[in-house]
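Undergrad: Take the position in the sequence shown, starting the count at 1, then add 18; the result is the number in the numbering used here. Even for Gly, the Cβ is constructed at its ideal location relative to N, Cα and C.
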Amino acid sequence: MLMDLAEYIPVFMIVSLAVTLFTGYPVAFVLSGIGVLFAGLGMLIGEFPFIAFFNIPARLWGSINGSLIFPSVPMLIFMGIALEKSGVAKEMLLGIQGLVHRLPGSLAVAMTILGILLAPSAGLVGASVATLTLIGLPTMLSQGYSKSYAIGSVAAAGTLGIILPPGIILFFLADLMGISIGPIFLSTLMPIALLAGFFIFYYMGRGYLDPTVAPKLNNERQVDFEGVLKNALRGLFLPTVLIISVLGSIIGGVATPVQSAAVGAGGSIIIMYLKGRATREYIHQVIVTTATTCSMVFFIILAASVFVYPFNYFGGTDLISGLLKGLELEDWGMLFIILGTIFVLGFFIDWIEITVIVLPILMPVLYSLDFTSHVGGQTALVEIWLAVQIALVLQTSFLTPPFGFSLFFAKGAAPPEVTLVDTYKGVLPLVLLQLITIALVATFPSIAIWLPSLLID
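In structure tokens, the structure reads:
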């Protein structure tokens, strides 16, 4: 009977996790607590060896020490926060706005471009969305933009950079799937360019068809193009150089991810100095925020390792794989189920928990699917194609009503007159465009794998 009980421990662990996540306790405490509790229960019934319990500390060390990716995460977080504190975002917005001011919905277009250019500081959803909301939304509302149109464009722009290099989520996916970070970086460029193009086309089209939602800027005077170009270059030059330095060194194989992240962190300090923000107060804020964020991220990683060890020991991964395979779906149907599960979970838990808890459980099933002929014959390219779809699905879940994280961050940073209903109305067309992008990437893999294939070949 006790052996029968051990077979159900993975089920009890999943149910306990699902229930306790909604209690408000920190995720790291929940994960580690459940892992230790059920490991102890396994020892009591004689199904979890005593020595295995003390393998957990060694596993914790190995989960961090064995990764070539994780050491770069603190420096990437530092770079993003330093860029945010440097004030370059506002300069970049003004520069872009000057270049596109004649287009319908020009401010929404500028916000979309800014969301892409601020990718180095967009590793954390809340930081990028809140920053863009504070910078762009008041300007858009003061120009008479519709509240739903404005808040929707800001929230969407804040999520664009999440999966653009050097986004932290890409480092985690690369480490989890055993893929080189360079091809992963390249694989996201065309899908995000396609998605941004859809967004811009929508903003311009709606602004043209209904000028009341996006009135033209008030100043109709002759614009000094030379002055506008100078302001744009001043706002865009330094961040662009930093982005190229970080990404180019990784993709070109000149530096490791850790070395490139160090270049990014050092470059962000230089930008802070050139912008007059390298004061003791700002540096202290950057260091404290970086330390707090890194502690949260790595505590969750360690706690997930504590949870996953007894879960796998009691056959949890095999149980999930058996349940999914028992559905007897074709490969495409199984992929839809897996991506749909990730999409729904993205409403309730952050991408970090999904990456370190859910994906390791689903990976055996995902790798059992055969898309080699659809993608083009190379296993490495299939893995990259799957990784891009996972990243796009996570990004879409951040923006999808009613529980998308980006919606609440945008609403929290918005003026009081902007309601949550305005936010929902504004993002729904954009979510549809994101789903279309995912469908296109799934149907035409070359959108994601063409650039990586050049590097791999």
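What separation, rounded to the nearest whole angstrom, lies between the Cα atoms of Ile52 and Ala409?
TA: Along the sequence shown, one-based indexing puts residue 52 at 34. Along the sequence shown, one-based indexing puts residue 409 at 391. So the two alpha carbons sit approximately 28 Å from each other.
Undergrad: For Trp350, count neighbouring Cβ atoms within 10 angstroms of its own Cβ and tell me buried if that reaches 16, exposed if not.
TA: The residue labelled residue 350 in the question sits at position 332 within the sequence shown. Label assigned to Trp350: exposed.
Undergrad: Which residues in the same chain have their Cβ closer than 7 Å to the Cβ of Phe68, if we skip the five residues on either side of it in sequence?
TA: Here residue 68 refers to the residue found at position 50 of the sequence shown. The answer, listed in chain order, is Met61.
Undergrad: Along the alpha helix (DSSP H) that carries His392, what are the first and last residues, could you check?
TA: Along the sequence shown, one-based indexing puts residue 392 at 374. Per DSSP, His392 belongs to the alpha helix (DSSP H) from 390–393.
Undergrad: Apply the 10 Å Cβ neighbour rule to Ser386 and answer buried if 16 or more other Cβ atoms are within range, or exposed otherwise.
TA: Position 368 of the sequence shown, counted from the start, is the residue given in the question as residue 386. It counts as exposed.
Undergrad: Quick check on the DSSP output: the alpha helix (DSSP H) that includes Ala280 runs from which residue to which?
TA: Sequence index remark: in the sequence shown, residue 280 carries index 262 (1-based). 275–292 is the extent of the alpha helix (DSSP H) around Ala280.
Undergrad: My output table needs one value for Lys165: the three-state DSSP class, helix, strand or coil.
TA: Taking the first residue of the sequence shown as position 1, residue 165 is located at position 147. Residue state, collapsed to three classes: helix.
Undergrad: Kindly indicate which three-state DSSP category Ser471 falls into: helix, strand or coil?
TA: Locating residue 471 in the sequence shown gives position 453, counting from the first residue. Three-state result, Ser471: helix.
Undergrad: Just to confirm the assignment, what range does the alpha helix (DSSP H) spanning Gly333 have?
TA: Counting from one through the sequence shown, the residue named residue 333 turns up at place 315. No alpha helix (DSSP H) contains Gly333, which DSSP labels as neither H nor E.
Undergrad: Can you list, in chain order, the stretches of the beta strand (DSSP E) that have 3 or more residues and sit fully within the segment 56–120?
TA: For the segment 56–120, not a single whole beta strand (DSSP E) run of length 3 or above is found.
Undergrad: So, do the segment 219–238 and the segment 412–422 have three or more beta carbon pairs nearer to each other than 8 Å?
TA: The answer is no - the segment 412–422 does not touch the segment 219–238, with fewer than three Cβ pairs under 8 Å.
Undergrad: When the cut-off is 7 Å and only beta carbons count, does Gly270 lie next to chain B?
TA: As a matter of chain content, chain B is missing from the structure shown, which is built from one protein chain.
Undergrad: Going by DSSP, what residue range makes up the alpha helix (DSSP H) through Pro419?
TA: On the sequence shown, residue 419 is found 401 positions in, with the first residue counted as 1. No alpha helix (DSSP H) contains Pro419, which DSSP labels as neither H nor E.
Undergrad: Applying the criterion that 16 or more other CB atoms from any shown protein chain within 10 Å of the CB defines a buried residue, is Tyr327 buried or exposed?
TA: Residue numbering aside, residue 327 sits at position 309 when the sequence shown is read from its first letter. Buried: at least 16 other Cβ atoms inside 10 Å.
Undergrad: By alpha-carbon positions, which one of Phe219, Leu384, Ile169, Val304 ends up nearest to Met97?
TA: Here residue 97 refers to the residue found at position 79 of the sequence shown. When only C-alpha atoms are compared, the closest one is Val304.
Undergrad: Taking the alpha carbon of Ala168 as the point to measure from, which residue in Leu473, Pro433, Pro470, Gln452 has its own alpha carbon closest?
TA: On the sequence shown, position 150 is the one that residue 168 refers to. The shortest Cα separation from Ala168 among Leu473, Pro433, Pro470, Gln452 belongs to Pro433.
Undergrad: Tell me, to the nearest whole angstrom, how far the beta carbon of Ile181 is from that of Ile210; I am working on the premise that it is less than 8 Å.
TA: Here the question's residue 181 lines up with position 163 in the sequence shown. Here the question's residue 210 lines up with position 192 in the sequence shown. Yes, they are in contact, since the Cβ atoms of Ile181 and Ile210 sit about 7 Å apart, within 8 Å.
Undergrad: Using a Cβ distance threshold of 8 Å, determine whether the segment 115–130 contacts the segment 211–228, with at least three qualifying pairs required.
TA: With a cut-off of 8 Å, the segment 211–228 and the segment 115–130 count as touching, because enough Cβ pairs lie within range.
Undergrad: Using the beta-carbon count (16 or more within 10 Å), is Met129 buried or exposed?
TA: Sequence index remark: in the sequence shown, residue 129 carries index 111 (1-based). Answer is buried; the Cβ neighbour count reaches 16.
Undergrad: For Ile287, I'd like the list of residues in its chain whose CB is within less than 7 Å of its CB, leaving aside the five on either flank, ordered along the chain.
TA: The residue given as residue 287 occupies position 269 in the sequence shown. If we look at Ile287 and ignore the five residues flanking it on each side, its Cβ neighbours are Ala100, Ala296.
Undergrad: Is the segment 145–156 in contact with the segment 372–382, if contact means three or more CB pairs nearer than 8 Å?
TA: Taking 8 Å as the limit for Cβ pairs, the verdict is that the segment 372–382 does not touch the segment 145–156.
Undergrad: Tell me the DSSP secondary structure of Asp193 in three-state form.
TA: Numbered from its first residue, the sequence shown carries residue 193 at position 175. Correct three-state label for Asp193: helix.
Undergrad: Are Leu112 and Ala321 close, meaning C-beta to C-beta below 7 Å?
TA: Here the question's residue 112 lines up with position 94 in the sequence shown. Here the question's residue 321 lines up with position 303 in the sequence shown. Result no, Cβ atoms of Leu112 and Ala321 do not sit closer than 7 Å.
Undergrad: Got a sec? Which residues, its chain only, sit under 7 Å from Ile114 by beta carbon, not counting five neighbours each side?
TA: Your numbering for residue 114 matches position 96 in the sequence shown. So the qualifying residues of the chain are Ala128, Ile131, Leu132, Ala250.
Undergrad: Using the beta-carbon count (16 or more within 10 Å), is Ile187 buried or exposed?
TA: Within the sequence shown, residue 187 is the residue found at index 169, counting from 1. So Ile187 counts as buried.
Undergrad: Curious, which full-length alpha helix (DSSP H) runs of at least 4 residues does the segment 395–467 contain?
TA: Counting only runs of 4 or more, we get 397–417, 423–431, 438–461.
Undergrad: Contact defined as beta carbons within less than 8 Å: I believe Ala428 pairs with Gly176. What is the distance between those atoms, to the nearest angstrom?
TA: Position 410 of the sequence shown, counted from the start, is the residue given in the question as residue 428. Position 158 of the sequence shown, counted from the start, is the residue given in the question as residue 176. The Cβ separation is near 7 Å, so the contact holds.
Undergrad: Over the uninterrupted alpha helix (DSSP H) stretch that includes Ser198, give me the two end residues.
TA: Locating residue 198 in the sequence shown gives position 180, counting from the first residue. No alpha helix (DSSP H) holds Ser198; DSSP gives it neither H nor E.
Undergrad: Between the Cα of Pro183 and those of Leu207, Gly394, Leu55, Ile95, spot the shortest distance and give me the residue it belongs to.
TA: To locate residue 183, count along the sequence shown from 1; it is residue 165. Checked all of Leu207, Gly394, Leu55, Ile95; the closest Cα to Pro183 is Leu207.
Undergrad: So what's Glu346 in DSSP terms, helix, strand or just coil?
TA: Taking the sequence shown and counting its residues from 1, one reaches residue 346 at position 328. If DSSP states are grouped into helix, strand and coil, Glu346 belongs with coil.
Undergrad: Pair every Cβ in the segment 27–40 with every Cβ in the segment 298–315, then say whether three or more of these pairs are closer than 8 Å.
TA: They do not touch, by the three-pair rule.
Undergrad: Report all residues from its chain with a CB closer than 7 Å to the CB of Phe329; omit the five preceding and five following residues, and keep chain order.
TA: Here residue 329 refers to the residue found at position 311 of the sequence shown. These residues qualify, in order along the chain: Pro28, Met31.
Undergrad: Considering only the beta carbon of each residue, do Ala405 and Met195 sit closer than 7 Å?
TA: Sequence index remark: in the sequence shown, residue 405 carries index 387 (1-based). Sequence index remark: in the sequence shown, residue 195 carries index 177 (1-based). Against a cut-off of 7 Å, the Cβ pair of Met195 and Ala405 comes out as a contact.
Undergrad: Give the DSSP-derived three-state secondary structure of Gly185 in the structure shown.
TA: The residue you call residue 185 lines up with position 167 of the sequence shown. DSSP places Gly185 in coil when its eight states are reduced to three.
Undergrad: Give me the Cβ distance between Leu136 and Thr455, rounded to the nearest whole Å; I'm assuming they're in contact under 8 Å.
TA: Within the sequence shown, numbered from 1, the residue matching residue 136 stands at position 118. Within the sequence shown, numbered from 1, the residue matching residue 455 stands at position 437. Not quite, the Cβ-Cβ distance comes to about 20 Å (not below 8 Å), so this is no contact.
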